[in-house]
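In the numbering used here, the protein residues as written are 34 to 549.
In what follows, a single structure is set out as structure tokens and then discussed.
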Amino acid sequence: MASGNLNAAQRRSGSNNAGRLGHELGAVPQTQQVLRPNGTENGRAFPDESSLPFLEPIRSRFVSSDCAVAFARSLGVDLQIPDPPPIHPYAWKPNIRPELKLPIPSSIVRLVTQEDIHYYSSIYFEEIHPLYGFLDREAFFLQCEHLRGPNPPRRDFEAVLCGVIVLGSLFTHSVPCTVETQLAENARMILEMTVSQPGEYLSLYHVAGWILRTMYLRLTTRPHLSWITSCIMINIAESIGLHQEFMNLRLTTPHGPRMLSPEELELRRRTFWVAWSLNKFFSAEVGRSKAGLDNIGCRQFNPKAGDHTEDLIELAHMLPDFTPQGSDLSEMTRRNVVFDNLLKMPSNLPAIALLKTDVCFALYRRYRLSNVKMSKDQISTILTIAQEGLDQAIVLSKKKRPWWNLLSVPFQCICVLLSIDTRESLVMVNPALDVLVQLEEVYQTELGAESVSMARHLVKSSRQKKEFEMGLLEEPQKKEAVFDMSKADFVFPSTIEWPTEDLSGWALFFTGNTYL
34 MASGNLNAAQ RRSGSNNAGR LGHELGAVPQ TQQVLRPNGT ENGRAFPDES
84 SLPFLEPIRS RFVSSDCAVA FARSLGVDLQ IPDPPPIHPY AWKPNIRPEL
134 KLPIPSSIVR LVTQEDIHYY SSIYFEEIHP LYGFLDREAF FLQCEHLRGP
184 NPPRRDFEAV LCGVIVLGSL FTHSVPCTVE TQLAENARMI LEMTVSQPGE
234 YLSLYHVAGW ILRTMYLRLT TRPHLSWITS CIMINIAESI GLHQEFMNLR
284 LTTPHGPRML SPEELELRRR TFWVAWSLNK FFSAEVGRSK AGLDNIGCRQ
334 FNPKAGDHTE DLIELAHMLP DFTPQGSDLS EMTRRNVVFD NLLKMPSNLP
384 AIALLKTDVC FALYRRYRLS NVKMSKDQIS TILTIAQEGL DQAIVLSKKK
434 RPWWNLLSVP FQCICVLLSI DTRESLVMVN PALDVLVQLE EVYQTELGAE
484 SVSMARHLVK SSRQKKEFEM GLLEEPQKKE AVFDMSKADF VFPSTIEWPT
534 EDLSGWALFF TGNTYL
């Protein structure tokens, strides 16, 4: 693809690049200026330009200045070659086999009508976009208008469009999209080209597509898949340099740095931080490491009216890191501050309340493993946030908003309440169980029924344990009637059908088998 700048007329027209605001390095206004700072600016120190990482804008490839792939170019610059070598993997392999070429997926215009595109996309922007605001709505619908024109959008936008439609289909009040599965598969094929197709062009749309796919997998399939996809998402973001400020990158084109508008820079920042947050949330859920980035230089984006993406990022920052130093004094102090901040943080959306509850429970689980006794104020904070999460779960269920943590919040709440094991926590157990039952009745799924059965089993087991402990206090003459804990019925409830050949459902997740 040509890397030249678009003029104002082209940006207003319905050309192939129209509506690509912030998604291609070349689509930028001439009037903007991006500085390459050396020394200081407003008291901030910048590295020497020779140490800045490279960004190759034609295929959008990011590499550090000291890597093997960039060494020939760096050496060429030192040797004052007029046209230094490009960023290229010279001598990368013996090259005794041809590179594989993947089949090109079908165009989305063969699968859905323009009316369906508008309907399901509108649902996405109404229900999901306020919390995950990394797309430009106006640019998105402008691109949709040209799907059937002479200059349709590239495949990277189709991956985004497929992701938007399938998520809108999940959140619709009426009939889901009849080709939801095909669209999800179409998006997968396009996105997997970024990790398996030689020389594939990478763009901001690819990162956005991976974000949407990660969210869809978290809503529809198993924990391992959403986690591994979120890691790939971060790797693609790093590949195009999203984790760095554009002004701190050296472009390899001979015509000097390209300029990006403030809107484009904002989209880059929003896309990176949403991807980073999802990876951190999904990593914490399964207890695995988040995707590592050696040097994050991306600034925070600016807040907008009606947009709550900033709350998402703030909550992700509050999540504890997956480290073994659970009892470290500084870490404990930080958690105390986080508890206070969580309690003060307003829940501007019901979905934010669920995420806030997830963070609270993650902090509690870390406390529990550290064997540090929690204060009454901390326990009170947990119970307050838990109650808010339960209330908002009911609100979302009545609106048929199937957020991925809709069932897990009341289920994990029951686990936390039983673990805290105080009078104040135990009095909340049955109401929390009632919420879980209500949610199961709304969706009537196998996983919902299984979670209710397991929650009831845990409550029953807790009650049996307390009966046994009470029996220890009985008078000696009544010892023969004391409840024998060793003979307690701790088998899983018979209502759960444990799969044998078809290993599906949350059963394997709880038994430690291969569900993940």
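In this text, a Cβ means the ideal position worked out from N, Cα and C, and glycines have one as well.
The structure displayed is predicted, hence computed values, not measured ones.
What do you reckon, are the CB atoms on residue i and residue j nearer than 8 Å?
{"i": "Ile267", "j": "Trp306", "result": "no"}
{"i": "Val240", "j": "Leu216", "result": "no"}
{"i": "Arg181", "j": "Val142", "result": "yes"}
{"i": "Arg399", "j": "Arg368", "result": "yes"}
{"i": "Thr417", "j": "Leu376", "result": "yes"}
{"i": "Pro443", "j": "Ala395", "result": "no"}
{"i": "Val392", "j": "Leu429", "result": "no"}
{"i": "Ser236", "j": "Asp169", "result": "no"}
{"i": "Tyr157", "j": "Leu200", "result": "yes"}
{"i": "Pro256", "j": "Val212", "result": "no"}
{"i": "Glu233", "j": "Thr227", "result": "yes"}
{"i": "Val193", "j": "Leu245", "result": "yes"}
{"i": "Ile198", "j": "Tyr153", "result": "yes"}
{"i": "Val243", "j": "Thr262", "result": "One point to set straight first is that residue 243 is Trp, not Val, in the sequence displayed. Contact: yes."}
{"i": "Thr247", "j": "Ser229", "result": "no"}
{"i": "Val462", "j": "Leu451", "result": "yes"}
{"i": "Ser403", "j": "Lys389", "result": "no"}
{"i": "Val475", "j": "Tyr397", "result": "no"}
{"i": "Leu439", "j": "Ala426", "result": "yes"}
{"i": "Ile150", "j": "Cys177", "result": "yes"}
{"i": "Ile385", "j": "Asp327", "result": "no"}
Which first and last residues belong to the alpha helix (DSSP H) in which residue i is found?
{"i": "Leu168", "result": "Counting along the chain, Leu168 falls outside any alpha helix (DSSP H), and DSSP gives it neither H nor E."}
{"i": "Thr455", "result": "Careful: Thr455 lies outside any alpha helix (DSSP H) and carries neither H nor E."}
{"i": "Asp344", "result": "Thr342 to Met351"}
{"i": "Val197", "result": "Arg188 to Leu203"}
{"i": "Asn268", "result": "Pro256 to Ser272"}
{"i": "Arg181", "result": "Note, Arg181: premise wrong, no alpha helix (DSSP H); not H, not E."}
{"i": "Cys393", "result": "Pro383 to Ser403"}
{"i": "Arg246", "result": "Leu237 to Thr253"}
{"i": "Gln471", "result": "Val462 to Tyr476"}
{"i": "Arg221", "result": "Glu213 to Ser229"}
{"i": "Ser484", "result": "Glu479 to Gly504"}
{"i": "Asp410", "result": "Lys409 to Lys431"}
{"i": "Leu300", "result": "Pro295 to Val319"}
{"i": "Ser154", "result": "Gln147 to Glu160"}
Please report the Cβ distance between residue i and residue j, rounded to the nearest whole angstrom; I am assuming they are in contact, meaning their Cβ atoms lie under 8 Å.
{"i": "Leu480", "j": "Cys446", "result": "About 17 Å; that fails the 8 Å criterion."}
{"i": "Pro470", "j": "Val492", "result": "The question names Pro, yet the displayed sequence has Val at residue 470. So it is not a contact: roughly 12 Å between Cβ atoms."}
{"i": "Phe204", "j": "Arg434", "result": "6 Å"}
{"i": "Pro117", "j": "Arg106", "result": "5 Å"}
{"i": "Glu473", "j": "Ala482", "result": "6 Å"}
{"i": "Trp436", "j": "Leu387", "result": "6 Å"}
{"i": "Ala324", "j": "Asn335", "result": "Incorrect: roughly 25 Å between the Cβ atoms, too far for contact."}
{"i": "Cys210", "j": "Ser202", "result": "4 Å"}
{"i": "Phe279", "j": "Leu293", "result": "6 Å"}
State whether the stretch 222 to 236 contacts the stretch 157 to 174, with contact taken as three or more CB pairs (one from each stretch) at a distance under 8 Å.
-> no
contact_flag[the stretch 411 to 420, the stretch 453 to 466] where n(CB pairs < 8 Å) is 3 or more | yes
Kindly confirm or deny that the stretch 331 to 341 and the stretch 372 to 379 touch, where touching means at least three C-beta pairs closer than 8 Å.
-> no
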